[in-house]
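Protein chains in written order, with this note's numbering: chain A, 2 to 193; chain B, 59 to 330.
Note that CB positions come from ideal geometry on N, CA and C, so glycine has one too.
Note that this is a predicted model, so its numbers are computed, not measured.
Dropping the structure here:
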């Protein structure tokens, strides 16, 4: 499904983690280069209050514009998008977001699996999926779909994760392209 | 590894639904639809796509299940309490000036939102002169909505939402509990009209001062959203209100020039 543009394959980075991985995400954002030309999509398990303080907190840490994804919003390079609380965030093949308030998956809405899977279907080999610390299996199936559709999969080194269950599940389930420490993740994204 | 029902197969199913049963899902947002259809395929354990399609084409009862399962019917009372507080404080005082209030809940699902609205109207002493039109494309959910019966297990959450939305009463005064279900007072449902209406294929049927359509349009593609906004515009009186879900916006539609957003919530007022 990957579309060829002038620069070759369109790329996207999708990052998933539970509430405990917020500090990792803040670290990643703080170290991304200002001229990064790839969209970053973050799915973080969080409470249901739909206030925008989380995206503001993230925006303080990075040169890149950060916002909660809106329904049918076009996905643009160099932007950081956060999945809104209480919705699943899906990626359409025409490279727009769409939202879905259907049942929770793995007790989670937003579900990391949903965003990973639809990103894989829309961007194919252009996807880099990164799974961070967390306490349930959400994201593991999504990673396997990214891999199956020729994307790149990365997990946080469980030894550095606050809650290693999520990354460890992924490592046990499939061969992972890169297992990275918190410090290595932003450098990895910067060279994509 | 791809999903068992891919995009070409989905196209076939949607065509079948349109030609045989008159339900047009062709302009629904594809990523969500694909997930719902694959979920149903897995849930009902079809050995192959051909069998799935045959069942859908040959069994009208199964087409009902298809509609029920691929549309999303997740809803709650006083969802997004701040939104309801806003309705209570800013919209209801305007509606109060009309001799007769008509409200349309478009895509009302199992009716939780219409009952929330009826409670707000009752507390503002407006219910007696209001009529709530609650519509959905799916007759099964409307049937459920019209009973006013909801699971007891939800009441704690709804009561918290109600209080967070500025509710001052004891929430349990609005229903009678029986085993694990509760039935809401008929005084509330007496002011409701339940009817099937498909936003995709049907036209305006009345004029309203308030249209509520929350978390329905997210399932539509942009062009279809635009057509539905035009339908709402046709159905809204001048100075009427349009209320959308917390992540939905009128911004991308050409009718936006006739509307002004009221405060931070997703409530727009028709000003031209």
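Cβ pair residue i, residue j closer than 8 Å
i, j, result
"residue 254/B", "residue 202/B", "no"
"residue 161/B", "residue 242/B", "no"
"residue 177/A", "residue 139/A", "no"
"residue 175/A", "residue 137/A", "no"
"residue 163/B", "residue 205/B", "no"
"residue 79/B", "residue 121/B", "yes"
"residue 147/B", "residue 270/B", "no"
"residue 19/A", "residue 135/A", "yes"
"residue 82/B", "residue 274/B", "no"
"residue 260/B", "residue 140/B", "no"
"residue 101/A", "residue 276/B", "yes"
"residue 184/A", "residue 89/B", "no"
"residue 65/A", "residue 23/A", "no"
Short CB-CB distance (under 8 Å) between residue i and chain A
i, result
"residue 88/B", "yes"
"residue 187/B", "no"
"residue 307/B", "yes"
"residue 276/B", "yes"
"residue 202/B", "no"
"residue 214/B", "no"
"residue 152/B", "no"
"residue 240/B", "no"
"residue 144/B", "no"
"residue 183/B", "no"
"residue 130/B", "yes"
"residue 219/B", "no"
Residue i at chain B interface by Cβ criterion, 8 Å
i, result
"residue 54/A", "no"
"residue 100/A", "yes"
"residue 142/A", "no"
"residue 103/A", "yes"
"residue 124/A", "no"
"residue 71/A", "yes"
"residue 111/A", "no"
"residue 66/A", "no"
"residue 161/A", "no"
"residue 88/A", "yes"
"residue 153/A", "no"
"residue 40/A", "no"
"residue 180/A", "no"
"residue 184/A", "no"
"residue 176/A", "no"
Inter-residue Cα distance where the pair is residue i and residue j
i, j, result
"residue 4/A", "residue 151/A", "With a pLDDT of 45 at residue 4/A, under the threshold of 50, the modelled position of this residue cannot be trusted; read the value that follows with caution. Rounded to whole angstroms, residue 4/A to residue 151/A spans 13 Å at the Cα level."
"residue 328/B", "residue 181/A", "53 Å"
"residue 133/B", "residue 188/A", "42 Å"
"residue 56/A", "residue 90/A", "15 Å"
"residue 66/B", "residue 77/A", "28 Å"
"residue 159/A", "residue 130/B", "36 Å"
"residue 26/A", "residue 79/A", "16 Å"
"residue 157/A", "residue 186/A", "8 Å"
"residue 301/B", "residue 321/B", "12 Å"
"residue 163/A", "residue 105/A", "24 Å"
For residue i, the residue or residues it bridges with in DSSP
i, result
"residue 271/B", "302/B"
"residue 101/A", "89/A"
"residue 209/B", "239/B"
"residue 250/B", "190/B"
"residue 68/A", "82/A"
"residue 107/B", "Looking at the DSSP assignment, residue 107/B forms no beta bridge with any residue, so it has no partner."
Are there three or more Cβ pairs, one per stretch, closer than 8 Å when the stretch 296–309 of chain B is compared with the stretch 192–207 of chain B?
-> No: the two stretches stay apart, fewer than three of their Cβ pairs being nearer than 8 Å.
contact_flag[the stretch 211–222 of chain B, the stretch 245–262 of chain B] where n(CB pairs < 8 Å) is 3 or more | No, because fewer than three Cβ pairs between the stretch 211–222 of chain B and the stretch 245–262 of chain B fall closer than 8 Å, the two stretches do not touch.
Mind the definition here: the stretch 275–288 of chain B touches the stretch 70–78 of chain A only if three or more C-beta pairs lie below 8 Å; say whether that holds.
-> Contact between the stretch 275–288 of chain B and the stretch 70–78 of chain A is present: three or more C-beta pairs spanning the two stretches fall below 8 Å.
Does the stretch 123–142 of chain A come within contact of the stretch 11–18 of chain A, defined as at least 3 CB pairs closer than 8 Å?
-> A contact between stretches requires three or more CB pairs, one per stretch, nearer than 8 Å, and the stretch 123–142 of chain A meets this requirement with the stretch 11–18 of chain A.
Pair every Cβ in the stretch 148–159 of chain B with every Cβ in the stretch 202–217 of chain B, then say whether three or more of these pairs are closer than 8 Å.
-> Too few Cβ pairs lie closer than 8 Å, so no.
Contact between the stretch 182–197 of chain B and the stretch 93–113 of chain B (3+ Cβ pairs under 8 Å) | In this structure the stretch 182–197 of chain B does not lie against the stretch 93–113 of chain B, because fewer than three pairs of beta carbons, one per stretch, are closer than 8 Å.
Validate contact between the stretch 68–76 of chain B and the stretch 83–93 of chain A using beta carbons, cut 8 Å, 3 pairs | No, the stretch 68–76 of chain B is not in contact with the stretch 83–93 of chain A.
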